[in-house]
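Chemist: Have a look at the structure that comes next, please.
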Amino acid sequence: MYPVFENGSCWVKVDFHLHTRADKEFRYAGESDRYIRDYVSALKAAEVGVGVITNHNKFDPGEFKALRKAARHEGIELLPGVELSVNDGQAGVHTLVVFADEWFINPQQTNHIESFLTSTFAGIDNFENENARSTENITQTIQRLDRYERDYFIVFAHVEAPNGLWGGLSPGRIRELFDNELIRRRVTGFQKVMTHDLRVKIKDVLGERYPAEVQGCDAKTLDHIGARKVASYLKLGDYSFEAVRFALQDFPHRVSREKPALRHSHIRQIAFEGAGSLGGTVVKLSPELNTRRGIRGIVKSSILEQLRYPLDIPFGEKASDRDYKENLVNNLLKSGGKITVEAVCRHGRPYQIVRIFGQEPQIIFDGQIQHG
0 MYPVFENGSC
10 WVKVDFHLHT
20 RADKEFRYAG
30 ESDRYIRDYV
40 SALKAAEVGV
50 GVITNHNKFD
60 PGEFKALRKA
70 ARHEGIELLP
80 GVELSVNDGQ
90 AGVHTLVVFA
100 DEWFINPQQT
110 NHIESFLTST
120 FAGIDNFENE
130 NARSTENITQ
140 TIQRLDRYER
150 DYFIVFAHVE
160 APNGLWGGLS
170 PGRIRELFDN
180 ELIRRRVTGF
190 QKVMTHDLRV
200 KIKDVLGERY
210 PAEVQGCDAK
220 TLDHIGARKV
230 ASYLKLGDYS
240 FEAVRFALQD
250 FPHRVSREKP
260 ALRHSHIRQI
270 AFEGAGSLGG
280 TVVKLSPELN
290 TRRGIRGIVK
300 SSILEQLRYP
310 LDIPFGEKAS
320 DRDYKENLVN
330 NLLKSGGKIT
340 VEAVCRHGRP
350 YQIVRIFGQE
360 PQIIFDGQIQ
370 HG
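Take the sequence shown: its position 126, counted from the start at 1, is 125 in numbering that gives the first Met the number 0, and no numbers get skipped.
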């Protein structure tokens, strides 16, 4: 698991519309042997946690694997995709198709993405540019993709542009598309929604079928990767195709235009030292955790009592099993055992609460020790 998820799900910046040197529209003026490193550095500088590589009507597996390997060393995940020019609307409809790895990483070593592109552009020369259009409309394209029996999802690119869904199709035609369950099942987002009045208009047309709004830089150079100030943040529990799709499906709770700020105090982790059964254990907690659930025997009470002890929270008048809970602390810490709670106050300042078994707790704030 990536270190970013050590404390559970968190908000990650996701760019759904990236181009690379494999795209004919992309320009890179640096040294060829530095390209991979420079590309990943640009992603890191832009604070991108997950990026989708979506070149025009093209997928280069060799370049993608090299970029992904380098990106993972920097804690960044890349997903495979294409920006498909679908033969629909007045100027074509640019459609971002995001693929699961099984499309090109499989026992047969078959690049099914390339097979799909060859089929949907059958008879068209030089289709690896943004002006080329496939031979199939949106519905036919999804039907063809489904025949591969491999997972994917769709985000319509720069929807307000003439070659976007909103700019190329009438509201009635858009409604007709989303009346089709086949479309609704695969389409998870609209990219680059910028105009309030257009948003309201399409929301009125689609109602509850309106999907997530996401962003992407659509960069044609490395400098463009971090240039756009608008962004998408997804609440993820993993860097994976499945996690990104799940967030888009639950977009009211897991997609945001800004990274939500934590405005409450919270515990980051509890560390145990000593000869007790939890000695050497570190329990990391989500800042949004407010409940522990589970079956009997998975140390729910043990963790809660080990938290009560350093916080010096007394038992309530109606507390049950007091003897059992008091003995838990003794058995899990033993003589000389120590608990360290790392927390953050509501102003975002970190502090520690330390308690050695049998002694009073200490609060360490800004390097100052205060007995609590």
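Using N, Cα and C, we set each Cβ at its ideal position, and we do this for glycine too.
From a predicted model like this one, the values you see are computed outputs, not experimental measurements.
Going by DSSP in three states, I224 sits in which element: helix, strand or coil?
Modeler: Three-state result, I224: coil.
Chemist: Could you tell me if F314 is buried or exposed, where buried requires 16 or more neighbouring beta carbons within 10 angstroms of its beta carbon?
Modeler: Exposed.
Chemist: What does DSSP give as the partner residues of S276 in its beta bridges?
Modeler: S276 pairs with nothing; no bridge assigned.
Chemist: Q358 and L331 - do their beta-carbons sit closer together than 8 Å?
Modeler: For L331 and Q358, no; Cβs fall outside 8 Å.
Chemist: Which residues in the same chain as G74 place their Cβ atom closer than 8 Å to its Cβ, once the five residues preceding and following it in sequence are excluded?
Modeler: If we look at G74 and ignore the five residues flanking it on each side, its Cβ neighbours are Y1, P2, V3 and G48.
Chemist: Is DSSP giving I75 helix, strand or coil here?
Modeler: Three-state result, I75: coil.
Chemist: Assign V186 to buried or exposed, taking buried as 16 or more other Cβ atoms, counted over all protein chains shown, within 10 Å of its Cβ.
Modeler: So V186 counts as buried.
Chemist: For the pair the segment 231 to 238 and the segment 318 to 328, tell me if three or more CB-CB distances fall below 8 Å.
Modeler: Short answer: they don't touch.
Chemist: Per DSSP, which residues does W10 bridge with? Please list them.
Modeler: The partner list for W10 (beta bridge, DSSP) reads K234.
Chemist: Between G361 and S334, what straight-line distance do the alpha-carbon atoms span, to the nearest angstrom?
Modeler: What sits at residue 361 in the sequence shown is Gln, not Gly. Approximately 17 Å between the Cα atoms of the pair.
Chemist: Mapping DSSP to helix, strand and coil, what is Q107?
Modeler: The answer is coil: DSSP assigns Q107 none of H, G, I, E or B.
Chemist: Would you call the segment 186 to 201 and the segment 118 to 128 in contact, with 3 or more CB pairs under 8 Å?
Modeler: The segment 186 to 201, when compared against the segment 118 to 128, does not touch it at the 8 Å Cβ threshold.
Chemist: Looking only at its own chain, which residues have a Cβ that is under 7 Å from the Cβ of H346, when we skip the five neighbours before and after it?
Modeler: No residues qualify anywhere along the chain.
Chemist: Taking the C-alpha atoms as reference points, what is the distance between V51 and K57?
Modeler: Distance between the alpha carbons of V51 and K57 is about 13 Å.
Chemist: Starting from the C-beta of R256, find all residues in its chain whose C-beta is less than 8 Å away, skip the five residues before and the five after it, and write them out in chain order.
Modeler: So the list reads E212, Q214, V229, A230, S231 and Y232, once near-sequence residues are dropped.
Chemist: What residue does the beta strand (DSSP E) around K283 start on, and which one ends it?
Modeler: Per DSSP, K283 belongs to the beta strand (DSSP E) from V281 to K283.
Chemist: Inspect the CB distances between the segment 219 to 229 and the segment 17 to 29 and report whether three or more fall short of 8 Å.
Modeler: The segment 219 to 229 vs the segment 17 to 29: in contact.
Chemist: So, under 8 Å CB-CB, V96 and V81 are touching, yes? Tell me the CB distance rounded to an integer number of Å.
Modeler: Correct: roughly 5 Å between the Cβ atoms.
Chemist: Apart from the five residues on each side of it in sequence, which residues of its chain come closer than 7 Å, Cβ to Cβ, to V343?
Modeler: These residues qualify, in order along the chain: S264, H265, R267 and P349.
Chemist: Please go through the segment 294 to 367 and give each complete beta strand (DSSP E) segment of 3 or more residues, from N-terminal end onward.
Modeler: Runs found: 337 to 343, 349 to 355 and 361 to 364.
Chemist: Taking I123 as part of the alpha helix (DSSP H), name the residues at either end of that continuous run.
Modeler: Looking at the DSSP string, I123 is not in any alpha helix (DSSP H), and its letter there is neither H nor E.
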